[in-house]
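J.: The following block contains the structure, expressed as structure tokens.
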Amino acid sequence: MAPDPLRLDDFLFRIFYEKGYNTWSDLLKQATEDPDIPSDDPRVEHLFPHHPYFPVGVELDSTGLLTATSTWVPGRGSCDLPPFDQPFQISPRVATPTRLLTSTKLPLPASTWFKQSDNHLAVLVLAWAYVLSARWSEIFSQALPLEYTDSQAEWLDAPPCDNTEAVVDVGNVSHDAARWWAAVLSPGQGWKASMVCGRYKFMSPWSSTLESLPTIRLFSASRSGTPSHQRCPHFETAVQYISDYCALHSLHDQNRVAIATALMLPLANHDRISVILPVPRMRIAPSPISSSPESTHEPIYGRDIRQFDRLLTLSCNPLGVKSILGSIFYESSILCNTCGPWLQGAATFLQSGLIPDLDVLSRMFSLRSPHLSFLWLGAIIAGLHKGFLSGPGGLLGLNRIDIHEAAWTGTLISFIQDHVPRQPEDTTSISRRNEFTLAFLTQGVARYRYPPIFPYAPLGSTAVGELDLDIRLHMACPGGHALKFSKITWPCAGGKKEVYEAATLTTITRPSSKPSQAVAPRLADYSGLDPDRDISERVTRNIFTWMREMDGFPVSERKIYKHEWLDDGDSGDHDRNCAEGDGGSTMGCDLNVTVGGWISGVMTARCNSL
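What follows is the structure, given as structure tokens:
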């Protein structure tokens, strides 16, 4: 019997299952043996320095959609392959606020991030949600000034006892600061940040409504009364209020964790997840001072406000955040027809109960991709890890390929980011991995304008004589080809355009992980092994349809073309090559392939295709 061209036999299916299982088993061993992982503090001022940021005055359309245009350079040196554009579309607003709840049954895990026994996480997350919204209102042309509501947190007249729950001592503060804290920690919504786009009114992506039991109350030794009508403070003023509070309670570590969590609120809103945080519990402040030398230091994001704007811009793209978070479950050496068992093994281990707590899980994720440890820490605290760990499908994701955030954060999320080396002049074939990547980089057919929706590369190779003309012309270019971000053009008020150009052409690489010591192989749990539920079929069908739907399959791929994974058995020859839905990525794009685009593709079709 001839071997199956796509489906693994039982032996190989088991081998790839074990690879996925052992990948995460090894990470658990490293994370538990070294409790200091991550060894470096997540310095907010150094995160993602190549990430673009919104210019002041950026404008949305009448539906609240932001459409910018990014430009990419696909070649090097003397290659005449031109740059190409990609649409970048996001909705940096929400229709309803995110539910934020506090619970007495949700203690913070013991962690290197929390050096003290008390916790202020909910307080700081709510404060940073305001700060992000305040800056958002300054950047977007249609945004309105922030305004207070009638809801305020209750004030205590007497100082609280030590280690009291749900009582927040804000220190000696001004009337303006007291009013701000009363709004930030109020039940429901104590402030509102909104914008008007056409006939629609939206909220800032970090808008939240607080449900706290017990209700959070405030104390300040200096408070003698709070005016009922005041303006909301500007962005810089609110940042200073947070700095003073952190100096009072020595919260340098918790402050960084809080901003990481606040950055996840738009994604929680998108996924309709309520964020649950521990009820504040704190010791009596060491001294009721209004300021300290530490409070006059530079903000947590550094002296350059553009760094804060980078994080704000990233946070406004929840699907992009999800894309780079999910990258830790992508393994570039795994192909489309083997990803199913690999993901089954990974999911089985991650759901096995062997990971003792969320702190260890965060260290495992940090080991996998150190540059994402800051974001993953916030995502875990916000509860967003649960969707990823729901099973192989959660690890794989659907339409989770965002090449913009991948380039801007230096994250590897798809084979489409591979560097395609120069092929020898006498070569007779090229790997399909390189062929499909070149098809995207040459942008020669409308179908290839957008990357495939799954990250795993195709298997096998294609004879040179069966390649598209564009690919044949560029497979031997000096230096090869790779996807490099060049610039993005933002739409601004009054029809103006603002261009952000990359300081350097960003190269995508996966951060190298620390080498692990040789360990005895762990006996895998095979309870999740299920060849009948192999998602490799879906991934393989998508990638081949993405590439071959326009021009058809080469004659040499007849066995793949006729395979049950691609052939539903009922279709005629005309639509046997069609995917279930669209084969390209829909990340912020309109993928309707026009008749003109189809005709232009047919003109470069293979003469020897099926």
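Each residue of the sequence shown is one higher than the last, beginning at 1 in the UniProt record's numbering.
Note that the Cβ used here is the ideal one computed from N, Cα and C, for glycine as well.
1. Any chance you could list the alpha helix (DSSP H) runs of at least 4 consecutive residues sitting entirely within the stretch 226 to 262, in chain order?
2. State the DSSP-derived secondary structure class of Asp10, mapped to helix, strand or coil.
3. Return the CA-CA distance between Pro458 and Thr540, expressed in angstroms with no decimal places.
4. As a quick exercise: from Glu498, Glu18, Arg231 and His481, pick the residue whose alpha carbon is nearest that of Pro421.
5. What does the alpha-carbon distance come out to for the pair Gln307 and Leu335?
6. For a test of the three-state rule: what should DSSP assign to Gly383, helix, strand or coil?
7. Would you list, in sequence order, the uninterrupted beta strand (DSSP E) runs of no fewer than 3 residues that lie entirely inside the stretch 435 to 465?
8. Can you give me the Cβ contacts of Pro455 inside the same chain, cut-off strictly under 7 angstroms, excluding the 5 residues immediately before and after it?
9. Here's a check: name, in chain order, each residue in its chain whose Cβ is nearer than 6 angstroms to the Cβ of Ala177, leaving out the five neighbours to either side.
10. Around the C-beta of Asp582, are 16 or more other C-beta atoms found within 10 angstroms, so that it is buried, or is it exposed?
11. Cutting at 7 angstroms between CB atoms, please list the residues of its own chain near His120, excluding the five before and the five after it.
12. So, do the stretch 431 to 439 and the stretch 371 to 379 have three or more beta carbon pairs nearer to each other than 8 angstroms?
13. Kindly identify the DSSP beta-bridge partner or partners of Met264.
14. At which residues does the beta strand (DSSP E) containing Trp206 begin and terminate?
15. Go to Ser362, then tell me how far its alpha helix (DSSP H) extends in each direction, as first and last residue.
16. Assuming Ile403 and Leu438 are in contact, meaning their beta carbons sit under 8 angstroms apart, how far apart are those beta carbons, in whole angstroms?
17. Pull up the distance between the alpha-carbon of Arg272 and that of Thr98, whole angstroms please.
18. Between the C-alpha atoms of Ser486 and Ala406, what's the straight-line distance to the nearest angstrom?
19. Could you tell me if Cys161 is buried or exposed, where buried requires 16 or more neighbouring beta carbons within 10 angstroms of its beta carbon?
20. Identify the continuous beta strand (DSSP E) that holds Gln88 and give its terminal residues.
21. Cα-Cα, which of Glu298, Leu319, Gln230 and Gln142 is closest to Asn269?
22. Tell me which residues share the same chain as Phe544 and place their Cβ nearer than 7 angstroms to its Cβ, disregarding the 5 neighbours each side in the sequence.
23. Round the Cβ separation of Pro299 and Ser373 to the nearest angstrom and send it over; I've been treating them as touching at under 8 angstroms.
24. Which residue from Pro452, Glu18 and Gly444 puts its Cα closest to that of Pro74?
25. Please confirm whether Leu469 has its beta-carbon closer than 8 angstroms to some beta-carbon of chain C.
26. Work out the CA separation of Arg449 and Phe144 for me, nearest whole Å.
27. Ordered along the chain, which non-local residues of its own chain (more than five positions away) have a Cβ less than 8 angstroms from that of Pro214?
28. Identify which residue in Arg93, Ile305, Tyr200 and Phe54 has its Cα closest to the Cα of Lys497.
29. Am I right that Pro205 and Pro266 are in contact with their C-beta atoms under 8 angstroms? What's the rounded C-beta distance?
30. Buried or exposed for Leu469, please, with buried defined as at least 16 other CB atoms from any protein chain shown within 10 angstroms of its CB.
31. Can you list, in chain order, the residues of its chain with a C-beta nearer than 7 angstroms to that of Thr32? Leave out the 5 residues immediately preceding and following it.
32. What residue from Ile90, Gln230, Phe235 and Leu47 has the CA that sits closest to Tyr130's CA?
33. Might you give, ordered along the chain, the residues of its own chain that have their beta carbon closer than 7 angstroms to the beta carbon of Ala258, omitting 5 neighbours on each side?
34. Where does Arg217 fall in DSSP's three states?
35. Do you know how far the Cα of Tyr245 is from the Cα of Val275?
36. Identify which residue in Ala95, Arg533, Ala382 and Asp532 has its Cα closest to the Cα of Val196.
T.: Once the coordinates are examined:
1. You should have 235 to 249 and 252 to 262.
2. Reading the sequence shown from its first residue, position 10 is the one you call residue 10. Three-state result, Asp10: helix.
3. Translated into positions along the sequence shown, residue 458 becomes position 458. Translated into positions along the sequence shown, residue 540 becomes position 540. One C-alpha to the other measures close to 7 angstroms.
4. Position 421 of the sequence shown, counted from the start, is the residue given in the question as residue 421. Selected option, being the one with the closest Cα: His481.
5. As a first step, residue 307 must be located in the sequence shown, where it is residue number 307. As a first step, residue 335 must be located in the sequence shown, where it is residue number 335. The straight-line gap from Cα to Cα measures roughly 37 angstroms.
6. Working through the sequence shown from its first residue, we reach residue 383 at position 383. Three-state DSSP puts Gly383 in coil, outside helix and strand.
7. 461 to 463
8. Taking the sequence shown and counting its residues from 1, one reaches residue 455 at position 455. Cβ within range, chain order: Tyr330, Ile401, Ile413, Ser414 and Phe415.
9. Translated into the one-based positions of the sequence shown, residue 177 becomes position 177. Correct list, in chain order: Tyr241.
10. Start at 1 with the first residue of the sequence shown, and residue 582 comes out as number 582. Here the model assigns Asp582 a pLDDT of 38, short of 50, so the residue's position is not dependable, and the following value carries that caveat. Looking at its Cβ environment, which holds 16 or more other Cβ atoms inside 10 Å, Asp582 is buried.
11. Reading the sequence shown from its first residue, position 120 is the one you call residue 120. So the qualifying residues of the chain are His249, Leu251, Gln254, Pro280 and Met282.
12. Three or more Cβ pairs closer than 8 angstroms define a contact, and the stretch 431 to 439 falls short of that threshold against the stretch 371 to 379.
13. Along the sequence shown, read from residue 1 onward, the residue named residue 264 stands at position 264. According to DSSP, Met264 bridges with nothing at all.
14. Along the sequence shown, read from residue 1 onward, the residue named residue 206 stands at position 206. Segment: none, Trp206 is in no beta strand (DSSP E) and carries neither H nor E.
15. Here residue 362 refers to the residue found at position 362 of the sequence shown. Taken as a continuous stretch (DSSP letters only), the alpha helix (DSSP H) holding Ser362 covers Leu358 to Arg368.
16. Counting from one through the sequence shown, the residue named residue 403 turns up at place 403. Counting from one through the sequence shown, the residue named residue 438 turns up at place 438. Going by Cβ atoms, the distance from Ile403 to Leu438 rounds to 15 angstroms, so no, they are not a contact pair.
17. To locate residue 272, count along the sequence shown from 1; it is residue 272. To locate residue 98, count along the sequence shown from 1; it is residue 98. Cα to Cα, Arg272 sits roughly 8 angstroms from Thr98.
18. By one-based count along the sequence shown, residue 486 stands at place 486. By one-based count along the sequence shown, residue 406 stands at place 406. Between the alpha carbons of Ser486 and Ala406 lies a distance of about 13 angstroms.
19. The residue given as residue 161 occupies position 161 in the sequence shown. That one is exposed.
20. In the sequence shown, the residue the question calls residue 88 occupies position 88. For the sequence presented, residue 88 should be read as Phe rather than Gln. It spans Phe84 to Ile90 - the beta strand (DSSP E) in which Phe88 sits, taken as one unbroken run.
21. Working through the sequence shown from its first residue, we reach residue 269 at position 269. Looking at the Cα atoms, Leu319 is the closest of the given residues.
22. Your numbering for residue 544 matches position 544 in the sequence shown. In the same chain as Phe544, and ignoring 5 residues on each side of it, the C-beta atoms closer than 7 angstroms to its own belong to Pro458, Ile560 and Leu566, in chain order.
23. Counting from one through the sequence shown, the residue named residue 299 turns up at place 299. Counting from one through the sequence shown, the residue named residue 373 turns up at place 373. Rounded, the Cβ-Cβ distance is 21 angstroms, inconsistent with contact.
24. Locating residue 74 in the sequence shown gives position 74, counting from the first residue. Measuring from the Cα of Pro74, the nearest candidate turns out to be Gly444.
25. The structure shown contains no chain C; it is built from a single protein chain.
26. Here residue 144 is taken as the residue at index 144 of the sequence shown, counted from 1. Here residue 449 is taken as the residue at index 449 of the sequence shown, counted from 1. In the sequence as displayed, the identity of residue 144 is Leu instead of Phe. Their Cα atoms are separated by approximately 37 angstroms.
27. Taking the first residue of the sequence shown as position 1, residue 214 is located at position 214. Result list for Pro214: Thr104, Glu165, Ala166 and Val279, in chain order.
28. Residue 497 sits at position 497 when you count from the first residue of the sequence shown. Per the Cα distances, Phe54.
29. By 1-based counting over the sequence shown, the position of residue 205 is 205. By 1-based counting over the sequence shown, the position of residue 266 is 266. With 8 angstroms as the limit, Pro205 and Pro266 qualify as a contact, their Cβ atoms being about 4 angstroms apart.
30. As a first step, residue 469 is located in the sequence shown; it is residue number 469 there, counting from the start. Looking at its Cβ environment, which holds fewer than 16 other Cβ atoms inside 10 Å, Leu469 is exposed.
31. Position 32 of the sequence shown holds residue 32. Answer for Thr32: Val360, listed in chain order.
32. Here residue 130 corresponds to residue number 130 of the sequence shown, with the count starting at 1. The candidate whose alpha carbon is nearest that of Tyr130 is Phe235.
33. Numbered from 1 along the sequence shown, position 258 holds the residue referred to as residue 258. So the list reads Leu121, Leu124, Val125 and Trp128, once near-sequence residues are dropped.
34. For the purposes of this step, residue 217 is taken as residue 217 along the sequence shown, with counting starting at 1. Three-state result, Arg217: strand.
35. For this step, residue 275 is matched to residue 275 along the sequence shown. For this step, residue 245 is matched to residue 245 along the sequence shown. Near 23 angstroms, if we compare the C-alpha coordinates of Tyr245 and Val275.
36. By 1-based counting over the sequence shown, the position of residue 196 is 196. Nearest of Ala95, Arg533, Ala382 and Asp532 to Val196, Cα basis: Ala95.
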